[in-house]
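Undergrad: Pasting a structure here, questions to come.
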Amino acid sequence: MSWPVPDTLMIEPTESESKAELDRFCNAMISIRKEIQEIEEGRQPESNNILKNAPHTIHTLVSTEWDKTYSREQAAYPMVELQSRKFWPSVSRLGKCSVIQHRKCIHYMSNVCFRVTDDAYGDRNLVCSCPPIEDYVDN
């Protein structure tokens, strides 16, 4: 996969990909298109739908609170064939939280927080919330 143009995705399978894996990928794309169509036709709301809230972690699926407009089963297995072969994401979308994760800042050798500026641009616009550089200067 590559992103040769902003906001696009190019898929170029190699000979190492099996026909079964290519079929699985095509089925996933068809399923996603059907989910988009449900939103376009008003059968799912624009702000709270299976695509907007994906990926669904195990933690999300088993939590007591469920305010989604679709079932937990739909969230866990949007395609029937996933019931026997499922990849479980460890995190949900980054834009849902204000502080993402403490990480070691290599340049300044200190812990920093990365956060999303807002949810409008998804996970692509991370901002380092390091203190100003002046705070790192030894007096």
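When we follow UniProt numbering, the leftmost residue of the sequence shown carries the number 1, and every step to the right adds one. Ideal Cβ placement from N, Cα and C applies to all residues, glycine included. Note that the structure is a prediction, hence the values are computed from the model and not measured.
The alpha helix (DSSP H) that contains S71, what's its start and end?
TA: Here residue 71 refers to the residue found at position 71 of the sequence shown. No alpha helix (DSSP H) contains S71, which DSSP labels as neither H nor E.
Undergrad: From the DSSP output, in three-state form, read off M10 for me.
TA: Locating residue 10 in the sequence shown gives position 10, counting from the first residue. M10: strand per DSSP, three-state reduction.
Undergrad: With the cut-off set at 9 Å, would you say T69 and N48 are in Cβ contact?
TA: On the sequence shown, position 69 is the one that residue 69 refers to. On the sequence shown, position 48 is the one that residue 48 refers to. In this structure, N48 lies closer than 9 Å to T69 by Cβ.
Undergrad: S71 to L61, Cα distance in whole Å?
TA: Position 71 of the sequence shown holds residue 71. Position 61 of the sequence shown holds residue 61. Near 10 Å, if we compare the C-alpha coordinates of L61 and S71.
Undergrad: So, for M79: in the same chain, excluding its five sequence neighbours on each side, which residues have a beta-carbon less than 8 Å away from its beta-carbon?
TA: Position 79 of the sequence shown, counting from 1, holds the residue named residue 79. Hits under 8 Å: N27, A28, S31.
Undergrad: At what residues does the alpha helix (DSSP H) containing V62 begin and finish?
TA: Indexing the sequence shown from 1 puts residue 62 at position 62. Segment 58–62, the alpha helix (DSSP H) holding V62.
Undergrad: Going by Cα to Cα distance, which pick from F25, L22, I50 is closest to E35?
TA: As a working note, residue 35 is residue 35 in the sequence shown. It is I50 whose Cα lies nearest to the Cα of E35.
Undergrad: Could you name the residues of the same chain whose beta carbon sits closer than 8 Å to that of Y77, not counting the 5 residues immediately before and after it, in chain order?
TA: Counting from 1 along the sequence shown, the entry for residue 77 is found at position 77. Result list for Y77: Q83, K86, in chain order.
Undergrad: Measuring straight from C-alpha to C-alpha, what distance separates K19 and E81?
TA: For the purposes of this step, residue 19 is identified with residue 19 of the sequence shown, where counting begins at 1. For the purposes of this step, residue 81 is identified with residue 81 of the sequence shown, where counting begins at 1. So the two alpha carbons sit approximately 16 Å from each other.
Undergrad: Quick check: F25 and I39, are their CB atoms within less than 9 Å of each other?
TA: Numbered from 1 along the sequence shown, position 25 holds the residue referred to as residue 25. Numbered from 1 along the sequence shown, position 39 holds the residue referred to as residue 39. No.
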